[in-house]
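A.B. asks: Have a look at this one.
Residue numbers (the numbering used here): 9 to 480.
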């Protein structure tokens, strides 16, 4: 492998893939990765694709935004409708006592399952480590080694004892049928973090008053009404920032909303905060310890959002060092869509202005930066976040959040952040922005990240990735 032009240690992705998994059948795929210095992949959905039984069943593959030519070639050169389904038949004893029944693999897909296993054997023979991704333990759209759960009776909840137990059962079953998989990436769970009314991630739209959440709170000795009251108090709190109060808050409580201590000690918010922290910690730690009990050599990672949002989403990444192998905070900086944090910050500022008379965009931006200990870049005001970022933004905001990610993860060796360019119709990061993001991560000693996703990759993006992974 050639040396990196910067003279620094290579920064190499765990390459995330999603269906069609047929791209794995081509040996040149594995050779392409090896040539770029990439020796780890993550299968977002370790599933098979079946013919639809009706016109309204299934999804289009490759997905419309997936432009990588390998995906299209794997489907015969044209997009087709397929149904994701289980890649193996479940082991009954792993699921004793569950009310959820794991999906079965149609018998006519046996040969396809064997072909997928052979492709993973080929990857392992070339020295590639293979992770599977568990999408919050829900298995709604594939999961790892899954198809779909029957959710017509009720929606899954991550505070239900069945959810981490199902994660453990699916991990055991996946390892049994696909022993090539030696790592598991747990994506979430999270509580919501947006305040823009009606947004998909609006924290007040989120279904929090559920039987499962009430049972969990009761088991922890928590008063659920105080939890609900805390969430409502937070809305009242955010409606209280006239210019004078905003300036007073900035001078007296800088960094408050990014501080676990502030939330824990606040008389109006501590019950809501403590519930979220306890629920996420219980879910992730239960999954981790259950997997390790049966599969002690399985590497287990867990996702979280940007550090400034940890208290809102229920994650305490410093505490998580005690019950996870690798941490995966999300370097999701796109705008104009779902879960991208330039878009989130823009939404917060815009909403604070709407909710508070006399608060303009500039003061609301200062207030957000102060609330969340998020440094602002003079050359790149939050009002410009839908456009190309300046270099100063990478040396302020991105540098700050990356530094905190690494420290909270427990050091570079336990730091495996997600890096993504877009989601659900958002504005994409450009190749230049990806280049500067990876440069900042590399300068702080990061050596790995999980790239989402290979299937959407165009040549200019591949060139940036190779620049850091293989030094080309």
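Think of the CB as a built atom: it goes at the ideal place given N, C-alpha and C, for glycine as much as any other residue. Being a predicted model, the structure only gives us computed values, none of them experimental.
Starting from residue 339, trace the beta strand (DSSP E) both ways and give me its first and last residue.
C.D. replies: Counting along the chain, the beta strand (DSSP E) containing residue 339 begins and ends at 334-340.
A.B. asks: In the segment 265-306, which residue ranges form an unbroken alpha helix (DSSP H) of at least 4 residues, counting only runs that do not cross its ends?
C.D. replies: Fully enclosed alpha helix (DSSP H) runs of 4 or longer: 268-273, 278-302.
A.B. asks: In terms of residue numbering, what span does the alpha helix (DSSP H) encompassing residue 470 cover?
C.D. replies: Residues 467-477.
A.B. asks: List the endpoints of the continuous alpha helix (DSSP H) containing residue 49.
C.D. replies: Where residue 49 is concerned, there is no enclosing alpha helix (DSSP H), although the beta strand (DSSP E) it sits in stretches over 48-51.
A.B. asks: Kindly confirm or deny that the segment 292-306 and the segment 337-353 touch, where touching means at least three C-beta pairs closer than 8 Å.
C.D. replies: Contact between the segment 292-306 and the segment 337-353 is absent, because fewer than three Cβ pairs lie under 8 Å.
A.B. asks: I'd like the list of long-range same chain contacts for residue 343, defined as Cβ closer than 6 Å, with 5 residues on each side in sequence excluded.
C.D. replies: If we look at residue 343 and ignore the five residues flanking it on each side, its Cβ neighbours are 350, 351, 393, 394, 435.
A.B. asks: Determine the direct distance from the alpha carbon of residue 235 to that of residue 280, and round the result to whole angstroms.
C.D. replies: When rounded, the distance between both Cα atoms is 4 Å.
A.B. asks: Considering only DSSP beta bridges, list what residue 140 is partnered with.
C.D. replies: According to DSSP, which records beta bridges pairwise, residue 140 is partnered with 51, 192.
A.B. asks: Please confirm whether residue 175 and residue 221 have their CB atoms less than 7 Å apart.
C.D. replies: No, Cβ-Cβ distance for residue 175 and residue 221 is not below 7 Å.
A.B. asks: Classify residue 178 as buried or exposed, calling it buried when 16 or more other Cβ atoms lie within 10 Å of its own Cβ.
C.D. replies: Residue 178 comes out buried.
A.B. asks: Would you list the residues sitting across from residue 56 in a DSSP beta bridge?
C.D. replies: For residue 56, which the question treats as bridged, DSSP gives the partners 93.
A.B. asks: How would you call residue 410, buried or exposed, if buried means at least 16 neighbouring beta carbons within 10 angstroms?
C.D. replies: Buried, by the Cβ-count rule.
A.B. asks: Give every residue of the same chain whose Cβ lies closer than 7 Å to the Cβ of residue 37, excluding the five residues on either side of it in the sequence, and list them in chain order.
C.D. replies: Excluding residues within five positions, the ones whose Cβ falls inside 7 Å are 31, 78.
A.B. asks: Under a Cβ-count criterion, where at least 16 other Cβ atoms within 10 Å of its own Cβ denotes burial, should residue 107 be classed as buried or exposed?
C.D. replies: Residue 107 should be labelled exposed.
A.B. asks: Using 10 angstroms around the beta-carbon of residue 163, count the other beta-carbons present and answer buried if the total reaches 16, otherwise exposed.
C.D. replies: Result: exposed.
A.B. asks: Between which two residues does the beta strand (DSSP E) holding residue 23 run?
C.D. replies: Segment 20-25, the beta strand (DSSP E) holding residue 23.
A.B. asks: Looking at the structure shown, is residue 224 part of a helix, part of a strand, or coil, going by DSSP?
C.D. replies: Residue 224 falls in the helix class under three-state DSSP.
A.B. asks: Going by DSSP in three states, residue 201 sits in which element: helix, strand or coil?
C.D. replies: Coil.
A.B. asks: Going by CA-CA distance only, name the one from 212, 231, 23 that's closest to residue 131.
C.D. replies: Ranking the options by Cα distance to residue 131, first place goes to 23.
A.B. asks: Let's see if you can read the secondary structure: which residues bound the beta strand (DSSP E) around residue 29?
C.D. replies: That residue, residue 29, is in no beta strand (DSSP E); it is neither H nor E in DSSP.
A.B. asks: Would you list the residues sitting across from residue 459 in a DSSP beta bridge?
C.D. replies: Answer is 23, 427, bridged to residue 459.
A.B. asks: Quick check on residue 7: buried or exposed, where buried means 16 or more other Cβ atoms within 10 Å of its Cβ?
C.D. replies: Here the chain covers residues 9 to 480 and nothing more, so residue 7 does not appear.
A.B. asks: Which of the three DSSP states is assigned to residue 43 in this structure?
C.D. replies: Helix at residue 43.
A.B. asks: Looking at the strands, I want to know which residues DSSP matches up with residue 88.
C.D. replies: BP columns for residue 88 point to 69.
A.B. asks: What does residue 310 pair with, by DSSP beta-bridge criteria?
C.D. replies: In DSSP, residue 310 forms a bridge with 194, 335.
A.B. asks: By how many angstroms is the C-alpha of residue 422 removed from the C-alpha of residue 335?
C.D. replies: Those two C-alpha atoms are separated by around 6 Å.
A.B. asks: Would you kindly report the start and end of the unbroken alpha helix (DSSP H) that includes residue 346?
C.D. replies: Looking at the DSSP string, residue 346 is not in any alpha helix (DSSP H), and its letter there is neither H nor E.
A.B. asks: Apart from the five residues just before and just after residue 45, which ones in its own chain have a Cβ nearer than 7 Å to its Cβ?
C.D. replies: Excluding residues within five positions, the ones whose Cβ falls inside 7 Å are 9, 18, 20, 477, 478.
A.B. asks: Taking the CB atoms as reference points, tell me whether residue 139 and residue 194 lie closer together than 7 Å.
C.D. replies: No, Cβ-Cβ distance for residue 139 and residue 194 is not below 7 Å.
A.B. asks: Which residues does DSSP list as the beta-bridge partners of residue 435?
C.D. replies: Paired residues: 343.
A.B. asks: Cutting at 6 Å between CB atoms, please list the residues of its own chain near residue 431, excluding the five before and the five after it.
C.D. replies: So the list reads 345, 346, 347, once near-sequence residues are dropped.
A.B. asks: Which class does residue 399 belong to by DSSP, given the choice of helix, strand or coil?
C.D. replies: Of the three classes helix, strand and coil, the one that applies to residue 399 here is helix, per DSSP.
A.B. asks: Find the nearest neighbour of residue 316 within the set 330, 301, 353, 328, judged by alpha-carbon distance.
C.D. replies: The candidate whose alpha carbon is nearest that of residue 316 is 353.
A.B. asks: Ends of the alpha helix (DSSP H) at residue 404?
C.D. replies: Here residue 404 belongs to no alpha helix (DSSP H), and DSSP marks it neither H nor E.
A.B. asks: Kindly indicate which residue of 277, 256, 255 has the alpha-carbon position closest to the one of residue 265.
C.D. replies: Closest by alpha carbon: 277.
A.B. asks: What three-state label does DSSP hand residue 210 in the structure shown?
C.D. replies: Here residue 210 sits in strand by DSSP.
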